[in-house]
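> Everything in the sequence shown is counted per the numbering used here, starting at 239 for the first residue and increasing by one.
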Amino acid sequence: MIRALAVGLLTLPLVAGGVQGPVRLREKDGRLRATLKDCVAILEPVEAPVPVAGPSSPVSIRTVGKQFIPRVAIATPGTEVTFPNLDHILHNVFSVTQGNRFDTGHYSPGDAPRVKVTSPGLVKLYCNVHHQMNAFLWVVTTPFAQVLDGRMGVQFHQVPAGTYRLRLWHPESGEKAWTVQIGPGVTQGAWELEVSLPALEPHKNKFGRNYAPLADDRNY
Ligand SMILES: [Cu+2]
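#1: Per DSSP, Leu324 is paired with what?
#2: What three-state label does DSSP hand Gly284 in the structure shown?
#3: Output the residues surrounding ligand 1, defined as those with a CB atom closer than 7 Å to any ligand heavy atom, in chain order.
#4: Cα separation between Ser298 and Val331?
#5: What number of angstroms, rounded off, separates the C-alpha of His369 from the C-alpha of Glu439?
#6: Since Val288 and Trp376 should fall inside the 8 Å C-beta cutoff, what is the C-beta to C-beta distance between them, to a whole number of angstroms?
#7: Buried or exposed, going by whether 16 or more other CB atoms sit within 10 Å of the CB of Glu410?
#8: Evaluate the contact criterion for the segment 417–427 versus the segment 387–405: three or more CB pairs, one atom per stretch, below 8 Å.
#9: Looking only at its own chain, which residues have a Cβ that is under 6 Å from the Cβ of Phe394, when we skip the five neighbours before and after it?
#10: Which parts of the segment 323–404 are runs of the beta strand (DSSP E), unbroken and 3 residues or longer, counting only runs that do not cross its ends?
#11: If I measure Cβ to Cβ from Val355 and keep anything under 7 Å in the same chain, skipping five residues before and after, which residues do I get?
#12: Please list the terminal residues of the continuous beta strand (DSSP E) segment that includes Thr273.
#13: From the DSSP output, read off the bridge partner residues of Arg300.
#14: Just to confirm, is the Cβ distance from His326 to Tyr345 under 8 Å?
#15: Which term fits Gln336, buried or exposed, when burial requires 16 or more other beta carbons within 10 angstroms of its beta carbon?
#16: Can you give me the start and stop residues for the beta strand (DSSP E) that Gly255 sits inside?
#17: Would DSSP call Val290 helix, strand or coil?
#18: Skipping 5 residues on each side, what residues in its chain have a beta carbon closer than 6 Å to that of Gly421?
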């Protein structure tokens, strides 16, 4: 699925270019991962006339089969994030990320609690009931941000000329950044991330304690 923010594009200057090129995700054994699923590309202006992106339309992160779907999403500050529960069990979403702390409490099947994210940065989302449930929300102030699901690399168009920082991130690689000059025309590049982190980061529950084993997994 291709998701991208298109906030404020209509207000950008006409002198614009773009940047595009392949992104590779290298496994620990040297092989390349076949998909860029969950990889995020953020093009941040360093010296370029790009207005700060305001709130965008609500972002939806569903709970399905004890997983957050999508696992990685992008929002701008002030955007509402909803968590529709499509399972038949209770879930919870909490974040202890500085600047975007919240806790939805338990919510029932069919419910969809909502929160508003405010501070730019990476927000780690967890469920206080199910240890294996985690998701990531990137809060960005630039209109140029993409989740690379279903893509081979980066592709930003209608970007005002200037100097940018291209930030690439994946849950299992962390972040790397490059300086990119964009003029008229399309700037070509190639970028690589290396897998170095576990698929599920060790984490505590919302009380800062270890998750208890579930005695009866049917109801929670
Ligand atoms: Cu859960």
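Glycine included, C-beta positions come from ideal geometry on N, C-alpha and C.
For this structure:
#1: DSSP lists no beta-bridge partner residue for Leu324.
#2: According to the sequence provided, residue 284 is Val. The question's Gly does not apply to it. It is a strand residue.
#3: Any residue whose Cβ sits closer than 7 Å to a heavy atom of ligand 1 makes the list: Thr301, Lys304, His329, Asn330, Cys365, Val367, His368, Met371.
#4: When rounded, the separation of the alpha-carbon atoms in Ser298 and Val331 is 13 Å.
#5: Computed Cα separation, rounded: 10 Å.
#6: 17 Å between Cβ atoms; not a contact.
#7: Per the 10 Å Cβ criterion, buried.
#8: Contact annotation: the segment 417–427 touches the segment 387–405, with at least three C-beta pairs closer than 8 Å.
#9: Short of 6 Å from the beta carbon of Phe394, and not among the five residues preceding or following it, lie these beta carbons of its own chain, in chain order: Gly256, Val257, Leu281, Phe382.
#10: Listed in chain order, they are 352–354, 359–364, 372–377, 383–385, 391–398.
#11: Apart from sequence neighbours up to five positions away, the residues of its chain that approach Val355 with a beta-carbon distance below 7 Å are Ala313, Pro315, Thr317, Val319, Asn338, Val361, Leu375, Val377, ordered along the chain.
#12: Taken as a continuous stretch (DSSP letters only), Thr273 belongs to no beta strand (DSSP E), as it is neither H nor E.
#13: In the DSSP output, where bridge partners are listed per residue, Arg300 has Ile307.
#14: In this structure, His326 sits away from Tyr345, with a CB-CB distance that is not shorter than 8 Å.
#15: With fewer than 16 Cβ atoms within 10 Å of its Cβ, Gln336 is classed as exposed.
#16: Judged by DSSP secondary structure, Gly255 falls within the beta strand (DSSP E) whose first and last residues are 254–264.
#17: The answer is coil: DSSP assigns Val290 none of H, G, I, E or B.
#18: Excluding sequence neighbours, Gly421 sits near Gly255, Ala399.
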